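A.B. asks: Following this message is one structure expressed as structure tokens.
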Amino acid sequence: MPTEHPKLDLSTFLLSSIHDMKNSLGMMANYLEDALAQAPTEAGSQASNTPARQKTAQALYEAQRVNNHLIQLLALYKIDQSFYPFDPTEQSLADLAREALARALPLAESKGILLDLDCPENLFGWFDYDLVFGVIVQALHNALHYTRSKVLLKASASEAGVVIQIEDDGPGYPEFLLEQGNAAQRGISFETGSTGLGLYFADVVASLHQAGGRTGHIVLANGGQLGGGQLGGGQLAGGCFSLHLP
Amino acid sequence: MSLLTLPPPNLSRCSILIIEDFDGMRAILRDILVRASATKIIMAANASSAISLLEKQRFDIILCDLHLGQGKSGQDILEEARHRALLPPHSVWLMISAEKAAEMVTGTVESRPDDYLIKPITETMLFSRLTRQMEKKKALAPIELALREHEYLKALRLVEAQLEGNNPHAWDLKRMKAELALLSGENALAKTIYEEALNLRNLPWARLGLAKLHFNEGRYVDASRELKQITDGNRAYLEAHDLLAYTLEKLGDADAAQEVIQRALATSPRAPLRQLHLGEVALRRGELDTAQVAFQNSIELARNTPLKSSQAYLALSQVQQTLNQTDAALNTLSRLSTDMHGDSTARLLAEAMQIPVRLHRGEKEQALGLAQNLATGLKIDAQHLPPDAVFNLAAPLLELGETSTANALLGSLISNHHEHPEYLQRAQSIFTHAGLEREGRELVEGAARAATDIMNRGVKLSREGKLGEAIKLTREARAKMPNNARLLLNHAFLLIAWMERHGRDPALNTEARNCIELARKLKPEDKRAGELLTKLELLGNDFVLPT
């Protein structure tokens, strides 16, 4: 383009660097996924048992985690600057769930955590696929971090639309998060690290989805289907993240 | 874990083309496909090798990166492949992109890929999309075939039949149905679908469809209201911005139109047609500097793509001439000749448009020499020259005394656009300025009258039942005014009426179809083209229409 830019804004460099880092991490994730798929697995033994596989899975998770964060940052920037091409279409929730679970599977296997899916094959909902996919993968990663042995991804029809839930059997969300209510008003807490961005992103994505006078929202709660387990005498609450889409 | 993962699709019998400029990504995609037993995988690193592979072989699956560096994009390849029917009807085209881009939310049934995949591409994602799209395309293949034959009504009926079952892609099909209804001139049906969708939720594509209907039917205020609802909150919906700019121009608000185009360009600057549009609006507003930059951008961006056209070069040289940059203007014309050397009309224009520039420089001898050398060529090609070029050329030709060439050019222009009062006025004022008011009036009015006369005689003959004579008349007239939209549609109407009486005839069928397609290109908003296409399709058709 022959248009002249005598003085480039620093934000231009920031943006293009984020793009570059995101793409590079995406490639890294692809290579690692490929490596995992091609690595010989010992017959009869759990695929997750070899240390090389475990480390590769861990590296894949880290690459995906940062890649996801950068994708979220870019999407939030576009939404903020009003040029995100928001495009809700009618989609299969089972497909969405399987694609999201596939992202979480290598890490789950390496940590010996069981992933489960509860979703009817014929359930369809209206949503922007890429945004909602980002929210679900983030929630799965989060659950894998805190859970004890299991993570359940559940999707069902609700009177207003559909609800997607991610449950774990870990200690549950801390009181302060449950008390704070609306994630968009929470602001970013630098002490809790990545939690701020993930929840903020989930909240923004949920509220973009609107139909029939209703607006999408997220709910954090403790004590889902997997909660109530025992660990060393203490009762486990079990975290439950829900995304409601009209 | 059987719940979590579907079995991979069996791709052992599928021929697959991967179009991707980055070799690392090509290898990753290939390795994933091999894990689904794919053996027939061919890879292309750029658009031109992709096109030549698509010419040689019919691929079942195409994985294509949207951005391929300079030159043609993945979208350009898809459109060319569809346009030239290089894809089998069941083929699945997955477009791969690094991020969700604005161009993914617009487009028509003939320009959208089957699905988009956002990087990073995982095995599960690729397999599940392939499985779903292969199933879907198998079911939609008959519709795709009908579309390819431009049998929009048949496609519409097939879509309706699919909608009767409990189809999981109901809204994809309904969106397709609305687009097909628009193409068949069934505006009311399209409107019903768009309104049903908007009742459900605020869907940009449905609102855009509704706005297109308003625009085509001349309700510009309504169109602009709907479009502003899309564009006000979000500048990502580019197609809505483009249509809003055209709507605002129709409403006489060129300032606002330019603002809207510039907003769209801020989101997506690499769009040659949008840059061209900006140049045209800026030129009309007298903002020559803006126009110049926009035309230059348009030329650069379109250079190696199918979107390149002589229009931007001609407009740029005209702006440069007005700015007294005559060297630059001549240079632009010589670039036109080089860049579009395969197009004889473009080459002719590149030479002919030097005439006004030479005159402007006071090089009368050279201008006259050119005019005399090109006289025959210009007269032969007169029917195919764009109106703007004719208007810019006619006055200098009259000034040089090359009256017969000027008359031929303006006469052709008027006979092709006899219902366009603005053109008639412009032509007349060129003659008046040259001191040829009376001669001009005879020519302009004569050409317009002759065209109207032919239309009337055609209608009269057909009313008297003399279809054969009417067809002979309009066919001869078409040779003289090949770009007259009304004549083309009238001629097609007569051919169809003849076939309704005497049975279907392949040659007449093709003749009618060509007339309708050209008329639609010349006057996209005229729904008569769609209606005639429908009538043509219904002629002795061999498909059963569910009612």
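In order, the protein sequence lines correspond to chains H and X.
Residue numbers for the first sequence follow the working numbering, so the first one is 99 and each next one is one higher.
Residue numbers for the second sequence follow the working numbering, so the first one is 6 and each next one is one higher.
Ideal Cβ positions, reconstructed from N, Cα and C, are used throughout, including at glycine.
The model shown is predicted, which means the values in this text are computed figures rather than measured ones.
(1) Does DSSP classify X:Val114 as helix, strand or coil?
(2) State the start and end residues of the unbroken beta strand (DSSP E) segment that holds X:Tyr121.
(3) By Cβ distance below 6 Å, which residues in the same chain neighbour H:Leu134 in space, the five residues on each side in sequence not counted?
(4) Using the C-alpha atoms, what's the distance from X:Thr350 back to X:His365?
(5) What does a CB cutoff of less than 6 Å around X:Gly463 pick up in its chain, not counting 5 residues either side in sequence?
(6) Count the C-beta pairs between the region 293–305 of chain H and the region 225–234 of chain H that are closer than 8 Å, then say yes if the count reaches three, no if not.
(7) Exposed or buried, H:Asn165, counting other C-beta atoms within 10 Å across all chains shown (16 or more means buried)?
(8) Check each residue of the region 201–214 of chain H: if its Cβ is closer than 8 Å to any Cβ of chain X, include it; give the result in chain order.
(9) Is H:Ser256 buried or exposed, if buried means 16 or more other CB atoms sit within 10 Å of its CB?
(10) Pull out every residue of the region 144–165 of chain H whose Cβ sits closer than 7 Å to any Cβ of chain X, in chain order.
(11) Thinking C-beta only, is H:Glu265 closer than 8 Å to H:Leu324?
(12) Quickly, what does DSSP pair H:Cys338 with across the bridge? List them, please.
(13) Would you say the beta carbon of H:Ala200 comes nearer than 7 Å to a heavy atom of the ligand ATP?
(14) Can you tell me whether X:Pro311 is buried or exposed? The criterion is at least 16 other CB atoms within 10 Å of its CB, across all chains shown.
(15) Under 8 Å: do the region 16–33 of chain X and the region 113–123 of chain H share three or more Cβ pairs, one atom per stretch?
(16) Could you tell me the alpha carbon to alpha carbon distance between X:Leu405 and X:Lys369, rounded to whole angstroms?
(17) Over what stretch of residues does the alpha helix (DSSP H) that includes X:Cys520 continue unbroken?
(18) In whole angstroms, what is the alpha-carbon distance linking X:Gly29 and H:Ala161?
(19) Are X:Tyr428 and X:Leu418 close, meaning C-beta to C-beta below 8 Å?
(20) By how many angstroms is the C-alpha of X:Leu208 removed from the C-alpha of H:Gln189?
(21) Compute the Euclidean distance between the alpha carbons of X:Thr327 and X:Ala287, then round it to the nearest angstrom.
(22) Run down chain H in chain order and give the residues with a C-beta less than 7 Å from the C-beta of X:Ser133.
(23) Using the three-state DSSP reduction, which class does H:Gly223 fall into: helix, strand or coil?
(24) Give a yes or no on whether the minimum CB-CB distance between H:Tyr182 and chain X is below 8 Å.
(25) So, for X:Leu215: in the same chain, excluding its five sequence neighbours on each side, which residues have a beta-carbon less than 8 Å away from its beta-carbon?
(26) Of all the CB atoms in chain X, is at least one closer than 8 Å to the CB of H:Gly124?
(27) Which residue marks the beginning of the alpha helix (DSSP H) containing H:Asp193, and which one marks its end?
(28) With DSSP as the reference, identify every bridge partner of H:Lys248, one or two as the case may be.
(29) Leaving aside the five residues before and after X:Leu500 along the sequence, list all residues of the same chain whose C-beta is less than 7 Å from its C-beta, in chain order.
(30) So H:Lys153 is in the alpha helix (DSSP H); what residue range does that whole segment cover?
(31) Any beta carbon of chain H sitting closer than 8 Å to that of X:Asn33?
(32) Spell out a yes or no on whether the region 386–396 of chain X and the region 314–328 of chain X are touching, meaning 3 or more CB-CB pairs, one atom from each, closer than 8 Å.
(33) Give, in chain order, every residue of the region 503–523 of chain X whose Cβ lies closer than 9 Å to some Cβ of chain H.
(34) Where DSSP assigns a beta bridge to X:Trp98, which residues make up the other side?
(35) Where does X:Met48 fall in DSSP's three states?
(36) State the CB to CB distance for the pair X:Cys69 and X:Ile24, rounded to an integer number of angstroms; the pair is presumed to be in contact (CB under 8 Å).
C.D. replies: The structure says:
(1) coil
(2) 120–123
(3) Within the same chain, Thr154, Pro204 come within 6 Å of H:Leu134 by CB-CB distance, once the 5 residues on both sides are set aside.
(4) Here the alpha carbons of X:Thr350 and X:His365 stand approximately 23 Å from one another.
(5) Ala475, Leu478, Thr479, Asn495
(6) By the Cβ rule, the region 293–305 of chain H counts as touching the region 225–234 of chain H, because three or more pairs are nearer than 8 Å.
(7) buried
(8) Arg201, Leu203, Leu213, Asp214
(9) exposed
(10) Asn165
(11) Yes, they are a contact pair.
(12) H:Glu265, H:Ala319
(13) The ligand ATP is not part of the structure shown, which contains no ligands of any sort.
(14) exposed
(15) Not touching, per the Cβ criterion.
(16) Spanning the two alpha carbons is a distance of roughly 8 Å.
(17) 511–527
(18) 17 Å
(19) Judged by beta-carbon spacing, X:Leu418 lies within the 8 Å limit of X:Tyr428, meaning their Cβ atoms are closer than that value.
(20) 15 Å
(21) Annotation: X:Thr327 to X:Ala287 spans about 14 Å, alpha carbon to alpha carbon.
(22) Asp193, Arg196, Glu197
(23) strand
(24) yes
(25) Lys196, Tyr199, Glu200, Leu203, Glu231
(26) yes
(27) Note, H:Asp193: alpha helix (DSSP H), 191–209.
(28) H:Leu212
(29) Ile476, Leu513, Glu516, Ala517
(30) 149–178
(31) The sequence given here places Ile at residue 33 of chain X; Asn does not occur at that position. X:Ile33 counts as touching chain H.
(32) As far as the Cβ criterion goes, the region 386–396 of chain X touches the region 314–328 of chain X, which means the pair count is three or higher.
(33) none
(34) Per DSSP, the beta bridge partners of X:Trp98 are X:Ile67.
(35) strand
(36) 4 Å
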